[in-house]
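Here's the structure we're looking at; comments come further down.
Number of protein chains: 2
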Amino acid sequence: MKWDDLKSEPCPVARGLSVIGDRWTMLVLRDCFLGVRRFEQMQERLGITRHVLADRLRKLESDGVLRREAYQERPLRHEYRLTDKGKALYPVLVTLTAWAEEHVPPEKKSSMTLLSRDTGEVLEPILTDAKTGQRITHRNAVARRNID
Amino acid sequence: MKWDDLKSEPCPVARGLSVIGDRWTMLVLRDCFLGVRRFEQMQERLGITRHVLADRLRKLESDGVLRREAYQERPLRHEYRLTDKGKALYPVLVTLTAWAEEHVPPEKKSSMTLLSRDTGEVLEPILTDAKTGQRITHRNAVARRNID
DNA sequence: ATTAGTCAGTTCCAAAAAAGAACTTTCTAT
DNA sequence: ATAGAAAGTTCTTTTTTGGAACTGACTAAT
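Heads up: the sequence lines are chains A and B, in that order.
Mapped onto the working numbering, the consecutive letters of the first sequence carry residue numbers 647 to 794.
Mapped onto the working numbering, the consecutive letters of the second sequence carry residue numbers 647 to 794.
Structure below.
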């Protein structure tokens, strides 16, 4: 199976992975959420090869997750910014972060905490149902495939 | 940079990706959550090559996400099951699913819905703070690196 | 007016990983 | 004896990476 074949799968997990299911893509997006916008900065921070970075940025742009915007002319230079579609990936980053903080301890003690921008309090992200507020776990939820 | 180097990164996103940041790994885990436990079944459902599947299962086992359990002897046969660490990945799958359902439409209309196991109602998964119940978005949350 | 530096890539080659298909081993069932 | 299943392994070919150098269009410093 190839990358683009995943796009037409009925399973949303597969479709999602067709966009972000790559070793580097999520790290690029993490940097975008941290405010990194330029090629050079990303390349240096990530230690990714320039070739692969250029490729991933192209792919993310064509998938509508990032948009390329000129921030100067002469010489023409572009930066990459998250689109709304890209920003909507935030919960995926957060849940992944929360999982890794709990289950994949770093060698050196060091960690990340999510804080409320308003109150500065530490946030503990959990998944709930928008309507009832009930917590969602693999125990009390089940996926159904809709046949149209 | 290599796979295992990611494990020692301070950033939890990188550490998380060292375990699940692979084209196939999340699809394998999706199947695990759907109850698929055997090599042959996975191989057929995913269309993954046997070689890569064997490799990914080995890796997931050594990372403590799956465990290999004998379900018969003569001939000895094993199946793969999610550990608690693996089950804790559920929110990542769910947020990815929700994102893809909204932003990566399938070519043929077809989709998945998450239902409550208790009430059968459709669930709309959102990210909230366990303490306050406030919704978490990239707008009202900020990551802080803890220096120990 | 050279020289150095920045940025966003591209080009080239070697090394690693994945695809695809056949083969193996240890059984059970016909 | 023959066929089939399960869980891999082995082999070869194709793709993807990694690593490093190079390009083009400027700008700033000497």
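Every residue gets a Cβ at the ideal spot worked out from N, C-alpha and C, and that includes glycine.
Show which residues of chain B have a CB atom less than 7 Å away from the CB atom of residue i.
i: Arg791/A; result: Met758
i: Leu769/A; result: Asp775, Ile782, Ala787
i: Tyr736/A; result: Thr783, His784
i: Ser742/A; result: Residue 742/A is actually Leu in this sequence, not Ser. Those are Val659, Gly662, Val738, listed as they occur along chain B.
i: Met647/A; result: Gly693
Strictly by DSSP, which residues pair up with residue i?
i: Ala776/A; result: None; Ala776/A has no bridge partner.
i: Thr729/B; result: DSSP output for Thr729/B lists no bridge partner at all.
i: Asn792/B; result: Ser757/A
According to DSSP, is residue i part of a helix, a strand, or is it coil?
i: Ala734/B; result: coil
i: Val659/A; result: helix
i: His724/A; result: strand
i: Arg781/A; result: strand
i: Val768/B; result: strand
What span of residues does the alpha helix (DSSP H) with residue i cover, start to end?
i: Ser762/B; result: Run containing Ser762/B: none in the alpha helix (DSSP H); it sits in the beta strand (DSSP E), 757-762.
i: Arg704/A; result: 696-708
i: Val796/A; result: Lying before the first or after the last residue shown, residue 796/A is absent from chain A, which here runs from 647 to 794.
i: Arg676/A; result: 671-679
i: Leu692/A; result: 685-692
For the beta strand (DSSP E) that contains residue i, what are its first and last residues?
i: Arg713/A; result: 712-718
Using only the heavy atoms of the ligand GTP, determine whether one of them is closer than 7 Å to the beta carbon of residue i.
i: Leu712/A; result: You won't find the ligand GTP in this model; it holds no ligand whatsoever.
Please list the partners that residue i has in chain A, where partner means a Cβ-to-Cβ separation under 8 Å.
i: Glu753/B; result: Lys653, Ser654
i: Glu748/B; result: Ala734
i: Leu739/B; result: Val659
i: Lys731/B; result: His749
Closer than 7 Å by beta-carbon distance: list the chain A residues that pair up with residue i, in chain order.
i: Ser762/B; result: Asn786, Ala787
Which of the residues in the region 667-682 of chain A, read from start to end, lie with their CB under 8 Å from any CB of chain B?
Within the region 667-682 of chain A, contact with chain B at the beta-carbon level (separation under 8 Å) is assigned to Gly667, Asp668, Arg669, Met672, Leu673, Arg676, Phe679, Leu680.
Chain B contacts made by the region 695-717 of chain A, where a contact means CB separation under 9 Å
Listed by position along the chain: Asp709, Gly710, Val711.
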